[in-house]
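Written below as structure tokens is the structure these notes are about.
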Amino acid sequence: MLKKTAFMKSFKKQFELQVFAIIGIIFLIIFSYIPMAGIIIAFKDYKLTSGLLGMFTSEWVGLKYFREFVNDINFTMVVRNTIAMSMLKLVFTFPIPILFAIALNEVGNQKVKRVVQTVSYLPHFISWVVVYGMIFSFFNQQNGLINQLLVKMGLISDSLLFLAEAEYFLPLVILSDIWKGMGWWAIIFLAAISSVDPCLYEAAIVDGAGRIRRIWNITLPSIKGTIIIVLILSLGNLLGGGLGGSNFDQAYLIGNKANFRASEILQTYTLRMGLAQGRFAYAAAIGLLQSVISVILIYSSNFFARKITGEGL
Amino acid sequence: MKIRSKEDVFIELIVSIILLVVFIITVYPFFYALIISFNNGIDAIRGGIFLWPRDFTTENYKAVFSSLRLLSAFFVSVLRTVIGTVTSVIFTGIVSYSLSHKELLFRKTYMNLIIFAMFFSGGLIPTFILFKNLHLLNSFWVYIIPYQFSVFNAIIMISFFREIPDAIKESVRIDGANELTIFFRIIVPISTPVFATIALFNGVFHWNSWFDSAFFVTDNKLKTLSFMLMDLIKQADMTRVMAATVSDYQRLDMQGSTTYTAETIRMATMMVVTIPIICIYPFLQKYFIKGIMLGSVKG
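Chains as they are written, first to last, in this note's numbering: chain C, -12 to 300; chain A, 20 to 318.
Right, dumping it as structure tokens:
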């Protein structure tokens, strides 16, 4: 009884604060938790006309939609594209900011360093739509800049169909991902490099170590921890497209009817099945499949993070 | 003491080349869009414009700003950016302020709910169903309401507000000020950097958004500029993919002159989307490093 009144007393005292907190949490419940719960329509016979509650009351169909997806004519293609895109982006995009940060660190002229660095993270703030516009103006078949240059140099006689042929899709995706994220993610590595104790370098110089040795034996080992943490974070969002989470934007924008053999991924397929064809439950099942893989990736990368750094993320 | 060895010279050469290449490949695409957007469209079809407009004109921009669809998209974008940013920063700020109090009852539960929501989401389909049933589809408010409480920004703000000494708040509370007064009169002024950072990021997010405009809105009057740009490029992309022989540029149904083409209109629109970002870039820069550091304090 005493405990209860004490509780009421402190609750009353912070009544206003509680109201704000609860309003915030209500927003969170509506816009985050209801959709999370709504994912069960992947196991249900849901029709859009049955409304919000219908997500929970409609009839169970078990794994019907998952089975359907596995037998889908596009299943292998979509899964393969998703994995190829995610893995290749990890392999090619991830090391670039590290190399760029090291290069920046080796620049003697501070003014040059500042100018280049400032410019380099501008693309991070530019929308993928604009990047797509740039890709289009550089690579289109009719008067794209790259085709113009290649023809002028006599390397090709006819314009290449960069945007329409499937084999060019992944290179375009990787290049644009590097272009957009390189400067931004280099900031983290540069911060790690700048916190390295200068005494280490001085000692190495005394020992006669050259620039390359210093990079290899001091700079790289000192930022190993940062590299691992960033790597783990990108692994956690592997299917979303790594740190930048750009898979959907890239696949949807750079992808088209001509190169869909390379560009159709789980996320765009969910969209096409759900919003374009109205097969909501089916699309939710595909989305859920991706979420499950992502959750496994998040937990296992967090597990490794704990193992390696001694603390979770 | 400082003797430059061959190795030093070599490294400096390599690094200079890398920096030069990065500089050029980052700046040139913007520059290219800029010069094409100021070039006569018919003339631009011939190609060969690399460094300077060959036939300078401002017709492309005039055409963009006289197209009713693009103009309305521009205003929708401005409106959503301003309203979306201001309301979300204030709302997330007030909620974060209350959650930053250590003595707040159920604080742990609230925080766990927030952190869980940072990692997991329901995905597109349930979100679409939710928006439909909340009658948010095809409404301007679909750009605003779902983003009111930003989990990520809340975590940054909470970790910042926690550092504010209680004594400051207590002294005003004793004078009978309510929490909203404390928030607006005390917390906001002393937390300008964190509010500026989050407002800038929020603004960039709203300005760049095209997804919600593409899939949650069908009314052409409510489309955002980023979406319209996407649509312009997609149309051109499709035309070329489907009929590679199409050589005449389809014109937008706009009044007036014939000096612009779909391509130069695209470039001009691209610049209209990009220039605001470049204009606020110095401010972004000033604050975002602080923002990143704050985020990593309690990530």
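Built from N, CA and C at the ideal position, the CB exists for glycine as well. Just so it is clear, the structure is predicted and the values come from calculations on it, not from any experiment.
Identity of the residue in the options nearest residue i by Cα
i              : options                           : result
T77 (chain A)  : A:T288, A:Y300 and A:L251         : A:T288
E46 (chain C)  : C:Y52, C:F30, C:P82 and C:F53     : C:F30
N239 (chain A) : A:M257, A:T200, A:S96 and A:G67   : A:S96
A179 (chain C) : C:I133, C:M42, C:I122 and C:L207  : C:L207
V41 (chain A)  : C:L157, C:W172 and C:V103         : C:V103
I113 (chain A) : C:M42, C:A268, C:I60 and C:F7     : C:F7
F147 (chain A) : C:A270, C:A245 and C:N134         : C:A270
I217 (chain A) : A:L53, A:F50, A:T111 and A:L90    : A:T111
V28 (chain A)  : C:M23, C:V94, C:M(-5) and C:Q254  : C:V94
T100 (chain A) : A:F234, A:F84 and A:L219          : A:L219
G67 (chain A)  : C:S124, C:F156, C:L109 and C:T36  : C:S124
Y279 (chain A) : A:N79, A:M176, A:L156 and A:S85   : A:N79
T200 (chain A) : A:V292, A:S117 and A:C298         : A:S117
I215 (chain C) : C:F291, C:F112, C:Q237 and C:W203 : C:F291
K34 (chain C)  : C:G261, C:R101 and C:I89          : C:G261
I183 (chain A) : A:D194, A:I206 and A:I193         : A:I206
Helix, strand or coil at residue i according to DSSP, with G and I counted as helix
i              : result
W229 (chain A) : coil
G275 (chain A) : Per-residue confidence for G275 (chain A) stands at a pLDDT of 45, beneath the threshold of 50, marking its modelled position as unreliable; no derived number is given.
F81 (chain C)  : coil
N92 (chain C)  : helix
W71 (chain A)  : coil
K31 (chain C)  : strand
N58 (chain A)  : strand
Y300 (chain A) : helix
M261 (chain A) : In this predicted model, M261 (chain A) has a pLDDT of only 47, less than 50, meaning its place in the structure is not dependable; the value taken from the coordinates is given anyway. It is helical.
Contact with chain C by residue i, beta-carbon distance below 7 Å
i              : result
I174 (chain A) : no
F159 (chain A) : no
T200 (chain A) : no
Q274 (chain A) : Only weak support exists for where Q274 (chain A) lies, its pLDDT of 41 falling under 50; the coordinates are left without a value.
Q254 (chain A) : no
F234 (chain A) : yes
D319 (chain A) : Here chain A covers residues 20 to 318 and nothing more, so residue 319 (chain A) does not appear.
Y129 (chain A) : yes
I113 (chain A) : yes
H120 (chain A) : yes
V83 (chain A)  : no
L32 (chain A)  : no
M290 (chain A) : no
G66 (chain A)  : yes
Chain A within 7 Å of residue i, Cβ atoms only
i              : result
A8 (chain C)   : yes
L284 (chain C) : no
V66 (chain C)  : no
E152 (chain C) : no
A292 (chain C) : no
L230 (chain C) : no
R198 (chain C) : yes
E189 (chain C) : no
L262 (chain C) : yes
V143 (chain C) : Residue identity check: residue 143 (chain C) is Ile in the sequence provided, not Val. No - not a single Cβ of chain A is within 7 Å of the one on I143 (chain C).
F56 (chain C)  : no
G25 (chain C)  : yes
G38 (chain C)  : yes
F81 (chain C)  : no
L15 (chain C)  : yes
A270 (chain C) : yes
E46 (chain C)  : no
The ligand NAP heavy atom lying under 6 Å from the CB of residue i
i              : result
I165 (chain C) : Annotation note on the ligand NAP: not contained in the displayed structure, which lists no ligands.
According to a CB-to-CB cut-off of less than 8 Å, which residues of the region 119 to 140 of chain C neighbour chain A?
Y119, G120, M121, F123, S124, F125, N127, Q128, Q129, N130, L132 and Q135
If contact means a Cβ-Cβ distance below 7 Å, which residues of the region 37 to 52 of chain A contact chain C?
I37, L38, V41, F42, I44, T45, V46, P48, Y51 and A52
Below 8 Å, can you find three or more Cβ-Cβ pairs linking the region 197 to 211 of chain A to the region 236 to 255 of chain A?
The region 197 to 211 of chain A vs the region 236 to 255 of chain A: no contact.
Is the number of C-beta pairs between the region 183 to 200 of chain C and the region 142 to 154 of chain C that are closer than 8 Å three or more?
no
In the region 92 to 111 of chain A, which residues sit with their C-beta less than 9 Å from some C-beta in chain C, listed in chain order?
F110 and T111
Taking only beta carbons into account, state which residues of the region -12 to 5 of chain C come closer than 8 Å to chain A, listed in chain order.
F(-6), S(-3), F(-2), Q1, E3, L4 and Q5
Do the region 292 to 308 of chain A and the region 101 to 113 of chain A touch if we need at least three Cβ pairs shorter than 8 Å?
no
If contact is defined by three or more beta carbon pairs under 8 Å, each pair taking one atom from either stretch, is the region 124 to 132 of chain A in contact with the region 63 to 75 of chain A?
no
Given 8 Å as the limit, is there contact between the region 76 to 90 of chain C and the region 184 to 194 of chain A, that is, 3 or more CB pairs closer than that?
As far as the Cβ criterion goes, the region 76 to 90 of chain C does not touch the region 184 to 194 of chain A, which means the pair count is below three.
Could you tell me whether the region 275 to 295 of chain C touches the region 164 to 180 of chain A, where touching means 3 or more Cβ pairs closer than 8 Å?
In this structure the region 275 to 295 of chain C does not lie against the region 164 to 180 of chain A, because fewer than three pairs of beta carbons, one per stretch, are closer than 8 Å.
What residues in the region 131 to 145 of chain A have a beta carbon less than 8 Å from any beta carbon of chain C?
For the region 131 to 145 of chain A, which is checked against every Cβ of chain C, the residues closer than 8 Å are L132, I133, A136, F138, F139, S140, G141, G142, L143, I144 and P145.
Residues of the region 241 to 252 of chain C whose Cβ lies closer than 8 Å to any Cβ of chain A, in chain order
N243, K244 and A245
Note down, in chain order, all residues in the region 163 to 180 of chain C with a beta-carbon under 9 Å from any beta-carbon belonging to chain A.
W166, M169, G170, I174, I175 and A178
Give a yes or no on contact between the region 17 to 24 of chain C and the region 137 to 145 of chain A, applying the rule of three or more CB pairs nearer than 8 Å.
Contact between the region 17 to 24 of chain C and the region 137 to 145 of chain A is present, because at least three Cβ pairs lie under 8 Å.
Along the region 184 to 216 of chain A, what residues have a CB closer than 7 Å to any CB found in chain C?
Cβ contacts with chain C come from N197 and E198.
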